[in-house]
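Participant: Be aware that the sequence shown starts at 1174, since it is given in the numbering used here, and climbs by one per residue. Beta carbons are placed, not taken as given, at the ideal position from N, Cα and C, and that holds for glycine. Let me give you the structure first, and then I'll get to my questions.
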Amino acid sequence: MATTHQPLLDAPKSKRSPCKSLFLLLSLTAIIGLITIVTTRVIHDTSSSSPPLLAQICDRALDRASCRAMVSEVASKDSNQMSGVDLLKVFLEKSKLAIGDVVEMASDVRRRINDRKQQAAIADCLELMDRSMGRIRESVSALNGSAVRFHSDAHTWLSSILTNHVTCQDGLNGLAQSVMEAGLKDLITRARISLAMVVAISPPQDESSGVAYTEGL
């Protein structure tokens, strides 16, 4: 007689209880909710790390990251209470100090080299730097006015500062170029940022003004 090993009672089929399924569903929902909250907080913290004014004033910059980094260096903790004009003025004063540093560098290099061509190029740079200092003072003065034409004047003078820095850089070679290159690149970046800032804070233009702003080279 053949024997069978079939159990008398079938093994009970595994069956999830409704309570267990509900628990898993609630746990999954809680995890998704937590991830959403954390992600939202990270995005909010990142976006709020730059004050609204700082983000707005760099909105027209070619390189927004560089603009925000440089402007953040001069912005006070209560920059939210500053106007865009005030922030630009502070930035321009900082740019004057940067120009002064490059002037000292150029003067030092000029004493160290004997090549007349390089000396002449440095002399041209020093003259351009002096003009740029004057243009910054004129720009700060013009920004005190609220009319479109005052901001247009500031834009024109800041454009000339950018041109001066680029002209200086293009005229250098040899030791003078290698020593001054980094400083001049910094000045060029600052000039471009100042142009973007004046565009961002300028009053609305009307067609009769004939003013057209650009962010620079």
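For a quick check, are the C-beta atoms of L1345 and V1275 less than 9 Å apart?
Facilitator: Start at 1 with the first residue of the sequence shown, and residue 1345 comes out as number 172. Start at 1 with the first residue of the sequence shown, and residue 1275 comes out as number 102. Contact: no.
Participant: Determine whether the beta carbon atoms of G1257 and A1369 lie at a separation below 9 Å.
Facilitator: As a first step, residue 1257 is located in the sequence shown; it is residue number 84 there, counting from the start. As a first step, residue 1369 is located in the sequence shown; it is residue number 196 there, counting from the start. No, the Cβ-Cβ distance between G1257 and A1369 is not below 9 Å.
Participant: Output the boundary residues of the alpha helix (DSSP H) element that contains D1259.
Facilitator: Reading the sequence shown from its first residue, position 86 is the one you call residue 1259. Its alpha helix (DSSP H) spans residues 1257–1285.
Participant: I want to know whether the segment 1321–1331 touches the segment 1280–1300 - three or more CB-CB distances under 8 Å.
Facilitator: The answer is no - the segment 1280–1300 does not touch the segment 1321–1331, with fewer than three Cβ pairs under 8 Å.
Participant: Could you tell me which uninterrupted alpha helix (DSSP H) segments, each at least 4 residues in length, are contained entirely in the segment 1342–1382, listed from first to last along the chain?
Facilitator: As far as the segment 1342–1382 is concerned, its whole alpha helix (DSSP H) runs of at least 4 residues are 1347–1374.
Participant: The alpha helix (DSSP H) spanning G1429 covers which residue range?
Facilitator: Here the chain comprises residues numbered 1174 to 1390, so residue 1429 is not present and cannot be evaluated.
Participant: So R1365 packs on A1271, CB below 8 Å; how close in whole Å?
Facilitator: Position 192 of the sequence shown, counted from the first residue, corresponds to residue 1365. Position 98 of the sequence shown, counted from the first residue, corresponds to residue 1271. So it is not a contact: roughly 13 Å between Cβ atoms.
Participant: In three-state terms, what does DSSP make of L1235?
Facilitator: In the sequence shown, the residue the question calls residue 1235 occupies position 62. In this structure, L1235 counts as coil in the three-state DSSP scheme.
Participant: Just checking my contact of Q1291 with A1349 at CB under 8 Å: how many whole Å lie between their CB atoms?
Facilitator: Here residue 1291 is taken as the residue at index 118 of the sequence shown, counted from 1. Here residue 1349 is taken as the residue at index 176 of the sequence shown, counted from 1. Yes, Q1291 and A1349 are in contact; Cβ-Cβ is about 5 Å, under 8 Å.
Participant: Answer yes or no: do L1265 and I1309 have a C-beta to C-beta separation smaller than 9 Å?
Facilitator: Within the sequence shown, residue 1265 is the residue found at index 92, counting from 1. Within the sequence shown, residue 1309 is the residue found at index 136, counting from 1. Against a cut-off of 9 Å, the Cβ pair of I1309 and L1265 comes out as a contact.
Participant: Can you tell me whether D1288 is helix, strand or coil according to DSSP?
Facilitator: Here the question's residue 1288 lines up with position 115 in the sequence shown. If DSSP states are grouped into helix, strand and coil, D1288 belongs with coil.
Participant: For V1313, which residues of its own chain have a beta-carbon under 7 Å away from its beta-carbon, when the five flanking residues on both sides are left out?
Facilitator: Residue mapping note: residue 1313 aligns to position 140 of the sequence shown, counting from 1. Contacts found: K1262, L1265.
Participant: For E1317, is the classification buried or exposed, using 16 other Cβ atoms within 10 angstroms of its Cβ as the cut-off for buried?
Facilitator: In the sequence shown, counting from the first residue as 1, residue 1317 sits at position 144. The sequence shown places Asn at residue 1317, not Glu. It is exposed - the Cβ of N1317 has fewer than 16 other Cβ atoms within 10 Å.
Participant: Along the chain, where does the alpha helix (DSSP H) containing A1248 start, and where does it finish?
Facilitator: Position 75 of the sequence shown, counting from 1, holds the residue named residue 1248. Neither: A1248 is in no alpha helix (DSSP H) and is coded neither H nor E.
Participant: Spatial neighbours of V1215 within its chain, please: CB distance less than 8 Å, with the 5 preceding and 5 following residues excluded, ordered by chain position.
Facilitator: Locating residue 1215 in the sequence shown gives position 42, counting from the first residue. Residue placement at V1215 is poorly supported in this model, since its pLDDT is 43, which falls under 50; the coordinates still yield a value, given next. Taken in chain order, the list of residues that qualify is empty.
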